[in-house]
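Worksheet for the structure shown next.
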Amino acid sequence: MTTVFISHDHSDKQYIEAIKATRLNSNHPLEFEDRSLAEAICNEHGHTIRRPPSDFHSLPVKEEITKLLASSHKLLVLVGNNTHSKLWVEWEIEQFLKYNSEKNVLVMRTPDNNYAGAPSIVHHLELYAWNLQRIAQWAR
-13 MTTVFISHDH
-3 SDKQYIEAIK
7 ATRLNSNHPL
17 EFEDRSLAEA
27 ICNEHGHTIR
37 RPPSDFHSLP
47 VKEEITKLLA
57 SSHKLLVLVG
67 NNTHSKLWVE
77 WEIEQFLKYN
87 SEKNVLVMRT
97 PDNNYAGAPS
107 IVHHLELYAW
117 NLQRIAQWAR
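Quick note on numbering: this note's numbering labels position 66 of the sequence shown as 52, and the sequence is numbered without any gaps.
In structure tokens:
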């Protein structure tokens, strides 16, 4: 089964949930193993690490995400209204491309995004409108 990491801005979590719910529907062709980060990574004090990827204190997050990306066949980049400025999304794309080719990357707008662009690292790739059928075909 294809493994997919979904890179997104956390404010677009509702669309991740929609994809996951559709994936669990046996009547829909969308099928893949989700390799996205399941839970927030916490520091030694139990607080969620919210530092940017360039910060030394984000190392535990980077290590965990790197493992997930390295074991993923494909990368789905969800582009919401603020994704273009999210350092973590850009970093995840960079890391994925160390292990895989661009043909394994799908860049897709969230349903509420009609104008915001993708992160600069994937500007040259096609930016698709929200379409669960397209995700299903691509994930095969």
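Heads up, the beta-carbon is just placed ideally off N, CA and C, and yes, glycines get one too.
| Asked | Found |
| --- | --- |
| Going straight from the alpha carbon of Leu23 to that of Ile51, what length do you get? | 7 angstroms |
| Where DSSP assigns a beta bridge to Tyr114, which residues make up the other side? | Met94 |
| Between Ile(-8) and Leu54, which are expected to be in contact by the criterion C-beta below 8 angstroms, what is the C-beta distance as a whole number of angstroms? | Not a contact, Cβ separation roughly 10 angstroms. |
| Across which residues does DSSP place Asp20 in a beta bridge pair? | Val(-10) |
| Looking at the secondary structure, which residues open and close the alpha helix (DSSP H) in which Lys89 lies? | From DSSP, Lys89 is part of no alpha helix (DSSP H); its letter is neither H nor E. |
| Would you kindly check if the distance between the Cβ of Ala125 and the Cβ of Leu128 is under 9 angstroms? | No answer is possible for residue 128: the residues shown for the chain start at -13 and end at 126. |
| Which residues in the same chain as Asn60 place their Cβ atom closer than 8 angstroms to its Cβ, once the five residues preceding and following it in sequence are excluded? | Note that residue 60 is Lys in the sequence shown, not Asn. Cβ neighbours of Lys60 beyond the five flanking positions: Thr(-12), Thr(-11), Val(-10), Phe(-9), Phe18, Asn86, Asn90, Val91, Leu92, Trp124 and Ala125. |
| Using CA atoms only, rank isn't needed, just tell me which of Leu111, Thr96, Gln119 and Leu113 is closest to Asp(-5). | Thr96 |
| Tell me, which residues are paired with Val65 by DSSP? | Arg95 |
| Let's test the definition: count the other Cβ atoms within 10 Å of the Cβ of Lys72 and tell me whether it reaches 16, buried, or not, exposed. | buried |
| For Val108, which of Ile5, Glu76, Ile2 and Arg37 has the nearest alpha-carbon? | Glu76 |
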